[in-house]
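Report on one structure; see the data block that follows.
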Amino acid sequence: MRRMSGVRFDPEKAEIRTLLRDAPLRGSRVLEVGCGDGRLTRRILRTAGRVVGIDLDRDEITRAREFTSRLLRRRVRYEVGSAESLPFGPRSFDVVLFSWSL
Amino acid sequence: MVDALHEAHRVLRPGGVVADIRPELDPGDPRRRCIRAEVRWDGQSAPAGIMRESMEYIPEYVGADRAVARVLRDGLFWLERSELFWLRTHFRDLATVERYLAGEWTGTTLPAQTRRSLQTLLRRHPRGKIVASDLFRLNILRKA
Numbered sequence: 001m002r003r004m005s006g007v008r009f010d011p012e013k014a015e016i017r018t019l020l021r022d023a024p025l026r027g028s029r030v031l032e033v034g035c036g037d038g039r040l041t042r043r044i045l046r047t048a049g050r051v052v053g054i055d056l057d058r059d060e061i062t063r064a065r066e067f068t069s070r071l072l073r074r075r076v077r078y079e080v081g082s083a084e085s086l087p088f089g090p091r092s093f094d095v096v097l098f099s100w101s102l
Numbered sequence: 103m104v105d106a107l108h109e110a111h112r113v114l115r116p117g118g119v120v121a122d123i124r125p126e127l128d129p130g131d132p133r134r135r136c137i138r139a140e141v142r143w144d145g146q147s148a149p150a151g152i153m154r155e156s157m158e159y160i161p162e163y164v165g166a167d168r169a170v171a172r173v174l175r176d177g178l179f180w181l182e183r184s185e186l187f188w189l190r191t192h193f194r195d196l197a198t199v200e201r202y203l204a205g206e207w208t209g210t211t212l213p214a215q216t217r218r219s220l221q222t223l224l225r226r227h228p229r230g231k232i233v234a235s236d237l238f239r240l241n242i243l244r245k246a
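Sequences listed follow chains A and B, in order.
Each step along the first sequence adds one to the number in the numbering used here, with nothing skipped, and position 50 is 50.
Each step along the second sequence adds one to the number in the numbering used here, with nothing skipped, and position 32 is 134.
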């Protein structure tokens, strides 16, 4: 999802508020599958311990890296990858998030 | 989709969770997804109608529902929680909505009746903003 002048997506933060209420994100190791440009990833980072975002689209991963502040970059990693063949070992994460990507 | 959930199961620690956020089909017409359009001004709002998403995405939503049902049936996960919520997108004006539909929400259209209602409401309330509300579901699946 690209940024566009005159458009504010979910300014009430309903998505992250619902997630924080229902999913055990605090201090967790989170994998976000289909992270796109990292819109939600950056919101999760404020609560989660460490986050890995993967997406099939290399351009989106490039944008995700650009949009993530230097401060947050220490706790996030973005990778190009497929949901059907995750490049991680067993038991690597506490939470796997599919946001519009299942 | 089932393969993705199997992979999620593999990389999750015991007791870990999958959080699955997806658009919800219109409760009144499960062949469609419903996006409501309204105009908001000075703390008030008025409905203007609906926006329609192309039906080409419906098989994906149905397929995802079936994949979740399958892994629950196979005992890989259990459904801990399921919740509906509204996601809202705010637009400065009608031209911005149309630009956004053309460039981003390419499968979504603004029916003529909704466009006319938005124009009428914006004439009455020139400082009004257009808000599109889209129903979503969050499923929390706990690794069994």
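Glycine included, C-beta positions come from ideal geometry on N, C-alpha and C.
If you're wondering where the values come from, they're calculated on a predicted model, not measured in any experiment.
Three-state class that DSSP yields for Glu-12 of chain A in the structure shown = The count along the first sequence starts at 1 and reaches residue 12 of chain A at position 12. Note: Glu-12 of chain A maps to coil in three-state DSSP.
Near Trp-188 of chain B, which residues of its chain fall below 8 Å by C-beta distance, leaving aside the five closest residues on each side in sequence?
-> Residue mapping note: residue 188 of chain B aligns to position 86 of the second sequence, counting from 1. Only Ser-235, Asp-236, Leu-237, Phe-238 meet the Cβ criterion.
Output yes or no for whether 7 Å exceeds the beta carbon distance between Arg-21 of chain A and Phe-93 of chain A.
-> Position 21 of the first sequence holds residue 21 of chain A. Position 93 of the first sequence holds residue 93 of chain A. Contact annotation: Arg-21 of chain A and Phe-93 of chain A have beta-carbon atoms that are not nearer than 7 Å.
Can the beta-carbon of Arg-50 of chain A be found less than 7 Å from the beta-carbon of Val-80 of chain A?
-> Stepping through the first sequence from its first residue, residue 50 of chain A is reached at position 50. Stepping through the first sequence from its first residue, residue 80 of chain A is reached at position 80. Contact flag unset, no.
Could you tell me which chain A residues have their CB closer than 7 Å to the CB of Val-164 of chain B, listed as they occur along the chain?
-> For the purposes of this step, residue 164 of chain B is taken as residue 62 along the second sequence, with counting starting at 1. Those within 7 Å of Val-164 of chain B in chain A number zero; the least Cβ separation is about 12 Å.
Measure from the alpha carbon of Pro-116 of chain B to the alpha carbon of each residue in A:Val-95, A:Gly-34, A:Ile-44, then state which is nearest.
-> For the purposes of this step, residue 116 of chain B is identified with residue 14 of the second sequence, where counting begins at 1. The shortest C-alpha separation from Pro-116 of chain B is found at A:Val-95.
Gly-36 of chain A vs Asp-55 of chain A beta-carbon contact at 7 Å | Translated into positions along the first sequence, residue 36 of chain A becomes position 36. Translated into positions along the first sequence, residue 55 of chain A becomes position 55. Yes, they are a contact pair.
Continuous beta strand (DSSP E) stretch holding Thr-191 of chain B: start and end | Against the second sequence, residue 191 of chain B aligns to sequence position 89. For Thr-191 of chain B, the enclosing beta strand (DSSP E) has its first and last residue at 179 to 193.
Boundaries (first-last residue) of the beta strand (DSSP E) holding Ser-147 of chain B = Mapped onto the second sequence, residue 147 of chain B falls at position 45. Element bounds for Ser-147 of chain B: 146 to 155.
Apart from the five residues on each side of it in sequence, which residues of its chain come closer than 8 Å, Cβ to Cβ, to Leu-224 of chain B?
-> Walking along the second sequence from the start, residue 224 of chain B turns up at place 122. For Leu-224 of chain B, where only same-chain residues beyond five positions count, the Cβ hits under 8 Å are Val-141, Asp-195, Leu-196, Gly-230, Ile-232.
Since Arg-26 of chain A contacts Thr-47 of chain A with CB under 8 Å, what's their CB separation in whole angstroms?
-> Residue 26 of chain A sits at position 26 when you count from the first residue of the first sequence. Residue 47 of chain A sits at position 47 when you count from the first residue of the first sequence. Beta-carbon to beta-carbon, Arg-26 of chain A and Thr-47 of chain A are separated by about 5 Å, close enough to satisfy the 8 Å threshold.
Using the beta-carbon count (16 or more within 10 Å), is Leu-86 of chain A buried or exposed?
-> The residue given as residue 86 of chain A occupies position 86 in the first sequence. When all chains shown are included, Leu-86 of chain A counts as buried.
Is the CB-CB distance between Ala-150 of chain B and Leu-220 of chain B below 7 Å?
-> Numbered from 1 along the second sequence, position 48 holds the residue referred to as residue 150 of chain B. Numbered from 1 along the second sequence, position 118 holds the residue referred to as residue 220 of chain B. Taking 7 Å as the Cβ cut-off, Ala-150 of chain B and Leu-220 of chain B qualify as a contacting pair.
Can you tell me whether DSSP reads Ala-23 of chain A as helix, strand or coil?
-> The residue labelled residue 23 of chain A in the question sits at position 23 within the first sequence. Three-state DSSP puts Ala-23 of chain A in coil, outside helix and strand.
Backbone CA spacing between Arg-73 of chain A and Glu-60 of chain A [nearest angstrom] = One-based indexing of the first sequence puts residue 73 of chain A at position 73. One-based indexing of the first sequence puts residue 60 of chain A at position 60. C-alpha of Arg-73 of chain A to C-alpha of Glu-60 of chain A: approximately 16 Å in a straight line.
Using the C-alpha atoms, what's the distance from Ala-246 of chain B back to Ala-204 of chain B?
-> Start at 1 with the first residue of the second sequence, and residue 204 of chain B comes out as number 102. Start at 1 with the first residue of the second sequence, and residue 246 of chain B comes out as number 144. Linking Ala-204 of chain B to Ala-246 of chain B through their CA atoms gives a straight-line distance of about 43 Å.
What is the rounded straight-line gap between the Cα of Pro-213 of chain B and the Cα of Ala-148 of chain B?
-> Working through the second sequence from its first residue, we reach residue 213 of chain B at position 111. Working through the second sequence from its first residue, we reach residue 148 of chain B at position 46. Between Pro-213 of chain B and Ala-148 of chain B, the C-alpha separation is close to 17 Å.
For Val-52 of chain A, decide whether its Cβ has a neighbour in chain B, counting only Cβ atoms nearer than 7 Å.
-> Working through the first sequence from its first residue, we reach residue 52 of chain A at position 52. Closer than 7 Å: no.
Among residues of its own chain, excluding the 5 on either side of His-192 of chain B, which ones have a beta-carbon nearer than 6 Å to its beta-carbon?
-> The sequence position of residue 192 of chain B within the second sequence is 90, counting from 1. So the list reads Lys-231, Val-233, once near-sequence residues are dropped.
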